[in-house]
Amino acid sequence: MNCEETRELVGAYVDRELDLVKSLELEHHLSQCGACSKRHASLLAVRSALSTVYQTPPASLERRVMSGIRKAGKRAEMARVPRGMPWRWVGVAASVAVVLVLSWSVFRLLARPSPDEVLAREVVSNHVRSLMVDHIADVPSSDQHTVKPWFAGKLDFSPPVIDLDEQGFPLVGGRLDYVDSRAVAALVYQRRKHVINLFIWPTEESDRLGQTVTHQGYNVIHWCRADMSYWAVSDLNANELREFAELASSKYSQTP
Amino acid sequence: MFKRSEDRKGEGELDQQQREQFEARVLPHLGAAYNLARWLTRNDHDAEDVVQESYLRAYRFFGGFRGGDGRAWLLTIVRNTCYTWFQQNRPRELTASLDEAANNIESDAPSPEAELIKSADRKLITKALEELPLEFREVLVLREMEDMSYKEIAEITEIPLGTVMSRLARARKRLQQSLAPSVSGEA
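Sequence lines, in order, name chains A and B. Here the first sequence stands for residues 1460 to 1715, where the numbers follow the working numbering. Here the second sequence stands for residues 23 to 209, where the numbers follow the working numbering.
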């Protein structure tokens, strides 16, 4: 380290703000350079000079501060608890209680998970279970014309099975599953290593495409098309899952 | 960190546990609070007023204290309270702001002898420190008397880290020259 660098860094050195390597380099330079070591000494002298003029508060200040805080605390308490209890206040208290009870019930009602949220949780657990027990498909086939007929006689509806292979979502197979207290069709698609479970059952809801939501780290997207309710679940990223949903919903609506 | 714009945040009454916390974490730093207030206001009586007001504010906003160093938190409030106090009582102190360029001191001028600085008595040191601009005084007090890190000083004074470093260097230089005036003419 040279003198110029030392001049720049010696302040940070006495303030213990230099890293070890720089500190050692600087110390080495100080041991060899008279001018820089003088500079270092005068910085330390300033520090010791300033330490002699540290101002200590008079003893009365602590009492003053303490009593000021206590007064502030008391004022706050007095504002909170009215002394005595005039009848007027009973009325006020009663109406406050009524409002509280009412808002609590409304809050309970609102806090209850929406039906969609309950379903989203259910399809996520089904998705996880299908991966865990290694029972992804009852009918392992990439051919929609094998998968669709397989459902016949097993369900009281015929789920649309569509080929999205060209779009990069090959069909892996299908199986029966149980969601929302009924038997449903589960179609299994794949994107790279990611498995997508698509649950399908009849609905009376009108057509819509929902937002992607996340449950337990899985992305879930829900849509309704042509009297069918669809729930797609995957660990695939939200964008690609949405792409899947858009492709599938547009294709399904084309096939009667 | 405490900022004026966040004054309202965390305001409220303290419960018993918070009051005990306040007494344990903030009250012990009364000395540091007074020392800073005393050097910023340069007056014993004003410093006491500022400290009292600072403690009331600290007590009110203790709900917003996120833990960490109670002393740094308190000193931030003391400094802000000082500046508010200046606005109300000595607005001229604040308008005499630091002209960073005008105070440029030759950095390669030789340092005064350490022995000469050491021979300065308390009266001379007090005068030298009080004559420094407010911005120099606060970084010197925080660094040399309260042993605050550059990062803490940057947070308390709301200036960038690099400015803390350069301001400290210039403040020290100015102080050295006041304490050992015979050398300042050299170079």
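For each residue, glycine too, the CB sits at the ideal point set by N, CA and C.
Assumed close pair Val1606 (chain A), Gly1627 (chain A) - CB separation to whole angstroms, cut-off 8 Å: Between Gly1627 (chain A) and Val1606 (chain A) the Cβ distance is about 18 Å, and since that is not below 8 Å, they are no contact.
Sub-9 Å separation of Gln198 (chain B) and Ser1507 (chain A) beta-carbons: no
List, in chain order, every chain B residue whose beta-carbon is nearer than 8 Å to that of Thr1465 (chain A). Under the 8 Å cutoff, chain B gives no residues; its nearest Cβ is about 11 Å from Thr1465 (chain A).
Do Trp1682 (chain A) and Arg1667 (chain A) have their beta-carbon atoms positioned less than 9 Å apart in this structure? yes
Closer than 8 Å: is that where the CB of Gln38 (chain B) sits relative to any heavy atom of the ligand PLP? Absence of the ligand PLP is noted for the structure shown, with no ligands found whatsoever.
If I measure Cβ to Cβ from Ala94 (chain B) and keep anything under 6 Å in the same chain, skipping five residues before and after, which residues do I get? Glu174
Reduced DSSP secondary structure (H/G/I, E/B, other) of Arg1498 (chain A): helix
DSSP state of Thr185 (chain B), grouped into three classes? helix
Pair every Cβ in the stretch 1639–1656 of chain A with every Cβ in the stretch 1602–1621 of chain A, then say whether three or more of these pairs are closer than 8 Å. yes
Does the beta-carbon distance from Val1620 (chain A) to Val1692 (chain A) come in below 9 Å? no
Comparing the C-beta of Tyr1513 (chain A) with each C-beta of chain B, is any distance below 9 Å? yes
Using the C-alpha atoms, what's the distance from Thr106 (chain B) back to Leu62 (chain B)? 12 Å
For Pro203 (chain B), the three-state DSSP class (helix, strand or coil): helix
Leu1695 (chain A) and Leu1623 (chain A) - do their beta-carbons sit closer together than 9 Å? no
Please name the residue in A:Leu1520, A:Gln1514 and A:Arg1580 whose C-alpha comes closest to that of His1674 (chain A). A:Arg1580
Please classify Arg1641 (chain A): does DSSP put it in a helix, a strand, or coil? strand
Taking the C-alpha atoms as reference points, what is the distance between Ser1709 (chain A) and Asp1597 (chain A)? 26 Å
Can you pull the chain A residues whose beta carbon is under 9 Å from the beta carbon of Ile147 (chain B), in chain order? Ala1508, Leu1509, Thr1511 and Val1512
Alpha carbons only, please: which of A:Ser1519, A:Glu1521 and A:Cys1462 is nearest the one belonging to Ala1494 (chain A)? A:Cys1462
So that I know if they touch, is there some Cβ in chain A lying closer than 9 Å to that of Gln198 (chain B)? yes
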